[in-house]
Amino acid sequence: MKSKFTDKEVNPLESIEDWENDLLTRYPEPKSEQAKAKEDYRNYHDSERVDTVREFYRLNHQYQTYDFVRQKEAEFLKFEKKEIPFWEAIDYLNTLVDDSDPDINLDQLQHLLQTSEAIRADGHPDWFVLTGFIHDLGKVLCLFGEPQWAVVGDTFPVGCKHAEEIVYPEFFENNPDSKDERYNTKYGIYAPNCGLDKVKMSWGHDEYLYQMMKDYLPEPALYMIRYHSFYAQHREGAYEHLMNDHDREMFKWVEKFNPYDLYSKVPVAPDSKTLRPYYENLVSKYLPSVMAF
Ligand SMILES: [Fe+2]
Ligand SMILES: [Fe+2]
523 MKSKFTDKEV
533 NPLESIEDWE
543 NDLLTRYPEP
553 KSEQAKAKED
563 YRNYHDSERV
573 DTVREFYRLN
583 HQYQTYDFVR
593 QKEAEFLKFE
603 KKEIPFWEAI
613 DYLNTLVDDS
623 DPDINLDQLQ
633 HLLQTSEAIR
643 ADGHPDWFVL
653 TGFIHDLGKV
663 LCLFGEPQWA
673 VVGDTFPVGC
683 KHAEEIVYPE
693 FFENNPDSKD
703 ERYNTKYGIY
713 APNCGLDKVK
723 MSWGHDEYLY
733 QMMKDYLPEP
743 ALYMIRYHSF
753 YAQHREGAYE
763 HLMNDHDREM
773 FKWVEKFNPY
783 DLYSKVPVAP
793 DSKTLRPYYE
803 NLVSKYLPSV
813 MAF
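For the sequence shown, our numbering assigns the number 523 to the initial residue and increments by one for each residue that follows.
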């Protein structure tokens, strides 16, 4: 697959963090004085990012087809690429972000710690804290040379019509699935309210990490990991027709998780050294010390 795309197509974003930063423009934090100050700060940076994020979505919406997802599943869900000790994977992930703008681009470990520490501060169960801490670990996909648009970005169902509520819906015009009669109707290959477990999502760090973690964490944690980038549903409610009652119950957790992911980002570095023993303990309670990628 790699040779099919030019360097510009593989890395349309300056930094893979730009996608998440852009989400804040679409879904700003409910206003407080502090939030307003933060927003002014962000808007300044946002203006430089609009074009690259647009290009990122153009590529994402064009290439994320049903067949593409199947290929990626076949390639990555055997977990035969590499065995990596858990903490090395975290360090590995940290090499991802080039800190061209250190004011806003916290490294990945800091984003994970800010998310998990905010969850911990609110007194949630330890598996919820752990979920915050690992939720973006699937971004290691980038380190296998995967295009950014096949690692991050809003996720959406493939195999049925692309909802208008997905960001930049006009770019689906270039996605061959939108011309394919099997895939371009409301339900496509799915039955009404079949349940999301039967629905294939566009490929990225969410599904990859879910598949890696599915034997180790409680179900609400798995939903949070698997659907945290599914904004078209957890923010817009655009795919109710594919969900069953159990999904609806579990999406309360996805919705609970989202603000921690989006709004815990403050340009203050958590003290990873001091926090490390707590997280080492937590990780060893639930996960094997070496993970297969
Ligand atoms: Fe994420
Ligand atoms: Fe995140």
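For glycine and all other residues, C-beta sits at the position ideal for the given N, C-alpha and C.
Query: For a quick check, are the C-beta atoms of L718 and Y732 less than 9 angstroms apart?; Result: no
Query: For ligand 2, is there any heavy atom lying closer than 8 angstroms to the beta carbon of D676?; Result: no
Query: Could you please go through the chain and list the residues whose beta-carbon is closer than 6 angstroms to any non-hydrogen atom of ligand 1?; Result: H657, D658, H727, H750 and S751
Query: Using the Cβ count rule (16 or more neighbours within 10 Å means buried), how would you classify T653?; Result: buried
Query: Please classify A593 as buried or exposed, where buried requires at least 16 neighbouring CB atoms within 10 angstroms.; Result: Note that residue 593 is Gln in the sequence shown here, rather than Ala. Flag for Q593 reads exposed.
Query: Under DSSP, the alpha helix (DSSP H) around V532 begins and ends at which residues?; Result: D529 to V532
Query: Work out the CA separation of Y585 and H727 for me, nearest whole Å.; Result: 16 angstroms
Query: Does the separation of the CB atoms of S824 and D676 fall below 9 angstroms?; Result: Given a span of 523 to 815 for the chain in the structure shown, any question on residue 824 remains unanswerable.
Query: State yes or no: is the C-beta of D783 nearer than 8 angstroms to some heavy atom of ligand 2?; Result: yes
Query: DSSP beta-bridge partners for M772?; Result: For M772, which the question treats as bridged, DSSP gives no partner whatsoever.
Query: Do A685 and F678 come within 9 angstroms of each other at the CB atom, strictly closer than that value?; Result: yes
Query: Alpha carbons only, please: which of D793, D783, T796 and H756 is nearest the one belonging to E771?; Result: H756
Query: So, with DSSP's three-state summary, where would you put D621?; Result: For D621, the predicted model reports a pLDDT of 44, less than 50, meaning its position is unreliable; a value from the coordinates is still stated below. In this structure, D621 counts as coil in the three-state DSSP scheme.
Query: Leaving out five residues before and five after E758 in sequence, what residues of the same chain have Cβ atoms less than 6 angstroms from its Cβ?; Result: E687
Query: Is it true that the CB of Y753 sits closer than 9 angstroms to the CB of L545?; Result: yes
Query: Classify H657: buried if its beta carbon has 16 or more other beta carbons within 10 angstroms, exposed otherwise.; Result: buried
Query: From K778 to F527, what does the alpha carbon distance come to, in whole angstroms?; Result: 37 angstroms
Query: Examine ligand 2 and report whether any of its heavy atoms sits within less than 8 angstroms of the Cβ of T653.; Result: no
Query: For Y782, collect the residues of the same chain with a Cβ closer than 7 angstroms to its Cβ; drop the 5 residues on either side in sequence, then sort them by chain order.; Result: T637, A640, I641 and G654
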